[in-house]
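Trainee: In our numbering, the protein residues as written are 2 to 276.
Positions of the beta carbon are idealized from the N, C-alpha and C atoms, including for glycine.
The model shown is predicted, which means the values in this text are computed figures rather than measured ones.
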Ligand code: ZN
């Protein structure tokens, strides 16, 4: 029988979206979950400092804050406003006590992906010094190409790794989300290279259901779809990544479930299919 090891298990608040932050923390802790990644909407009412205290007092480790990014726009004023919003998000991560802010970099459908990437680079350039100053690491999360219209012009591990190479900063790395990169023939190679340079910052897990009912909000529990999560996790470990396995599932279906029952399903599927 497998030893029940939840020491690397983290759950994103978006995964249990119906729960308020107090209830989420209580239910995670009571099941032995050790980490939490906080989505900004979950702490809107509580405030970052108070939420951070609540989480720490309950013995949970804050893994990251989701999310910043969305840099590109054809309108320079909107690009400036995006930078300001990201500076606020960095401050919020700091106030919360989160060591990392995840970046969903954005895309502007009215211009080329290349141009959007140039603007993403400029945006990161504007916020990286402040992130370093406050001790908040920035993790670029490449998104599946199906989101290249509006959500991200960074669609492969290589594009994310190239971005981190350009800045060559200990404060900028990559968040690997299996949902977005499982199909990439270069995945193992890029994980290895990224790990060698110490830039693998985060690992997000869920599954790609076959068929998927909705590309955004029908993500599966580990083992429910076609992603070999154990294999990708092995590559992460081999490349030196020692961080959390973060369960991030957007699912209209599971958000309707009893969340106690759902959390038990998450733990079982994690032990069965991710480790
Ligand atoms: Zn993710």
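Check whether the Cβ of residue 145 sits closer than 7 Å to any heavy atom of ligand 1, and report yes or no.
Mentor: The sequence position of residue 145 within the chain shown is 144, counting from 1. False, no ligand heavy atom lies under 7 Å from that Cβ.
Trainee: Looking at the secondary structure, which residues open and close the beta strand (DSSP E) in which residue 67 lies?
Mentor: In the chain shown, residue 67 corresponds to position 66, counting from 1. Where residue 67 is concerned, the enclosing beta strand (DSSP E) stretches over 62-70.
Trainee: Measuring only from the beta carbon, is residue 176 closer than 7 Å to any heavy atom that is part of ligand 1?
Mentor: As a position in the chain shown, residue 176 is number 175, starting the count at 1. True, at least one ligand heavy atom lies under 7 Å from that Cβ.
Trainee: If contacts are defined as beta-carbon pairs under 8 Å, then residue 197 and residue 240 qualify, I think. What distance do you get, rounded to the angstrom?
Mentor: Residue mapping note: residue 197 aligns to position 196 of the chain shown, counting from 1. Residue mapping note: residue 240 aligns to position 239 of the chain shown, counting from 1. With a Cβ gap of about 7 Å, residue 197 and residue 240 count as contacting.
Trainee: Would DSSP call residue 2 helix, strand or coil?
Mentor: The residue given as residue 2 occupies position 1 in the chain shown. Reliability fails at residue 2, whose pLDDT of 41 lies under 50, so the model's placement of it is uncertain and the value that follows must be treated cautiously. Coil at residue 2, not helix or strand.
Trainee: So, under 8 Å CB-CB, residue 138 and residue 202 are touching, yes? Tell me the CB distance rounded to an integer number of Å.
Mentor: The count along the chain shown starts at 1 and reaches residue 138 at position 137. The count along the chain shown starts at 1 and reaches residue 202 at position 201. Sure, about 6 Å apart at Cβ, within 8 Å.
Trainee: Are residue 223 and residue 145 closer than 8 Å when you measure CB to CB?
Mentor: Mapped onto the chain shown, residue 223 falls at position 222. Mapped onto the chain shown, residue 145 falls at position 144. Result no, Cβ atoms of residue 223 and residue 145 do not sit closer than 8 Å.
Trainee: Say yes only if the C-beta of residue 205 is nearer than 7 Å to one or more non-hydrogen atoms of ligand 1, and no if none qualify.
Mentor: The residue given as residue 205 occupies position 204 in the chain shown. Correct: residue 205 has its Cβ closer than 7 Å to ligand 1.
Trainee: Quick check: the stretch 9-24 against the stretch 259-276, are there 3 or more CB pairs under 8 Å?
Mentor: At 8 Å Cβ cutoff, the stretches touch.
Trainee: Is it true that the stretch 206-224 meets the stretch 154-169, where meeting means three or more beta-carbon pairs spaced less than 8 Å apart?
Mentor: Too few Cβ pairs lie closer than 8 Å, so no.
Trainee: On a Cα-Cα basis, can you pick out the residue from 72, 37, 79 that is closest to residue 153?
Mentor: Against the chain shown, residue 153 aligns to sequence position 152. Residue 153 has its Cα closest to that of 72, out of 72, 37, 79.
Trainee: Does the stretch 81-89 come close enough to the stretch 46-58 to have 3 or more Cβ pairs within less than 8 Å?
Mentor: No contact exists between the stretch 81-89 and the stretch 46-58.
Trainee: Using only the alpha-carbon positions, how far apart do residue 267 and residue 157 sit?
Mentor: To locate residue 267, count along the chain shown from 1; it is residue 266. To locate residue 157, count along the chain shown from 1; it is residue 156. Roughly 27 Å between the two C-alpha positions.
Trainee: Can you name, in chain order, every residue of its own chain whose Cβ lies under 8 Å from the Cβ of residue 244, other than the five neighbours on each side?
Mentor: In the chain shown, the residue the question calls residue 244 occupies position 243. Result list for residue 244: 9, 64, 201, 202, 203, 204, in chain order.
Trainee: First and last residue of the beta strand (DSSP E) that includes residue 101?
Mentor: On the chain shown, position 100 is the one that residue 101 refers to. Residues 101-105.
Trainee: Let's test the definition: count the other Cβ atoms within 10 Å of the Cβ of residue 91 and tell me whether it reaches 16, buried, or not, exposed.
Mentor: For this step, residue 91 is matched to residue 90 along the chain shown. With 16 or more Cβ atoms within 10 Å of its Cβ, residue 91 is classed as buried.
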